[in-house]
Amino acid sequence: MTSEKVHVEVCKGVNGLDKVVLREIRGSSAEVYLYGGHVTSWKNDHGEELLFVSSKAIFKPPKAIRGGIPICFPQFSNHGSLEPHGFARNRVWSIDSEPPPFPLNSSSKAFIDLILKSSEEDLKTWPHSFEFRLRVTLGPGGDLMLISRIRNTNTDGKAFSFTFAYHTYFSVSDISEVRVEGLETLDYLDNLQNKERFTEQGDAITFESEVDKIYLSTPTKIAILDHEKKRTFVLRKDGLPDAVVWNPWDKKAKAMADFGDEEYKHMLCVEAAAVEKAITLKPGEEWRGRQELSAVPSSYCSGQLDPRRVLQST
Ligand code: BG6
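Pasting the structure below:
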């Protein structure tokens, strides 16, 4: 096996769909499907899965894969006239063999560059030409980084606007034992109450019923604490001011064909997003949005992520 193959391997996944496996020397790994440019697995160096993917997920176009990290572009949810969450999550992306260079090069060899361009079909519903480059990197310590670069390639001189989310499904042991820190006291739009604006009260966020909120202008660092697992996920983001928190709970879970009735107990979506203010690009302009995930033992950061500290630290 060549060293290249150890770090990056292109192979077949469920239903013969192409996937890329990233591996780091200490044992962590990640999987990315070309269908959707969709990360479906992120494992730590003990081989434990850190992302939730439904046992009922349908790995078959045109249905987006339920779980992992769907890419929502050019529209978040039903905030516009396109299909919910846009079309990028159910298009087949390509491997980008010659991506434009990044100013900062990580030392990791476990990365893949994907690209999605507008198709004739997509131009009918969203008449804009774009190049969407996605780099997925597994860091030497097992961190997972996604960087999106979206460029307006319109030749008609027109700007375009879009909303965006990395719709990350975290795997948790028991949703009622989970706490999210970093979003307290922030304003949010409640999708369950006609997107009305409220202010979050009290301490860290906990879960006892359905939640579907878009927190606005959040800190760049959010923590998801799983008490039972004694594990904390730390989400860091750039270029993505908002954060969506979603759990369908029991009733909605039962209504989703590609989601088990009880699976809501073992997942939580915390999504680095740009929703409230759409991003506008003139022809030739490029936008970047980055999300970095790490998983650390809870004792490491429990109690340290009070909102003031989160806001102050990088
Ligand atoms: C969340 C939205 O991001 O995604 C929810 O806020 C939505 O409103 C959920 O229900 C799942 O969306 P979908 O299209 O993948 O079923």
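Converting from the sequence shown to this note's numbering requires adding 31 to each position, the first position being numbered 1.
Ideal placement from N, C-alpha and C gives every residue a C-beta, glycine not left out.
Chain-order list of residues whose beta-carbon lies under 7 Å from that of P328 (same chain, five-residue window excluded): Within the same chain, P328 has close Cβ partners K261, R262.
I'd like the span of the beta strand (DSSP E) that includes T156, first residue to last. Where T156 is concerned, there is no enclosing beta strand (DSSP E), although the alpha helix (DSSP H) it sits in stretches over 151 to 156.
For T168, count neighbouring Cβ atoms within 10 angstroms of its own Cβ and tell me buried if that reaches 16, exposed if not. By the neighbour-count criterion, in which 16 or more other beta carbons inside 10 Å mark a residue as buried, T168 falls on the buried side.
So, does the segment 95 to 109 touch the segment 76 to 85, judging by three or more C-beta pairs under 8 Å? Yes, since at least three Cβ pairs between the segment 95 to 109 and the segment 76 to 85 fall closer than 8 Å, the two stretches touch.
Any heavy atom of ligand 1 inside 7 Å of the beta-carbon of S112? If you check the C-beta of S112 against ligand 1, you find no heavy atom less than 7 Å away.
Out of P250, V276, A254, point me to the one whose CA is closest to E241's CA. Closest by alpha carbon: V276.
Under 8 Å: do the segment 184 to 194 and the segment 288 to 295 share three or more Cβ pairs, one atom per stretch? Contact check between the segment 184 to 194 and the segment 288 to 295: fewer than three CB pairs, one atom from each, fall below 8 Å, which does not count as touching.
H69 lies in the beta strand (DSSP E); which residues open and close that run? 69 to 74 is the extent of the beta strand (DSSP E) around H69.
Given this structure, state the Cα-to-Cα distance separating H38 from G320, to the nearest angstrom. Rounded to the nearest angstrom, the gap between the Cα atoms of H38 and G320 is 24 Å.
Measure the C-alpha to C-alpha separation of D244 and E302 and round it to an integer number of angstroms. The residue asked about is misnamed: residue 244 is Lys in this sequence, not Asp. Cα to Cα, the separation comes out at about 10 Å.
If you measure from the CB of P115, is any heavy atom of ligand 1 nearer than 7 Å? The answer is yes for P115.
In or out: G68 buried (at least 16 other Cβ within 10 Å) or exposed? By the Cβ neighbour-count rule, G68 is buried, with 16 or more other Cβ atoms within 10 Å of its own.
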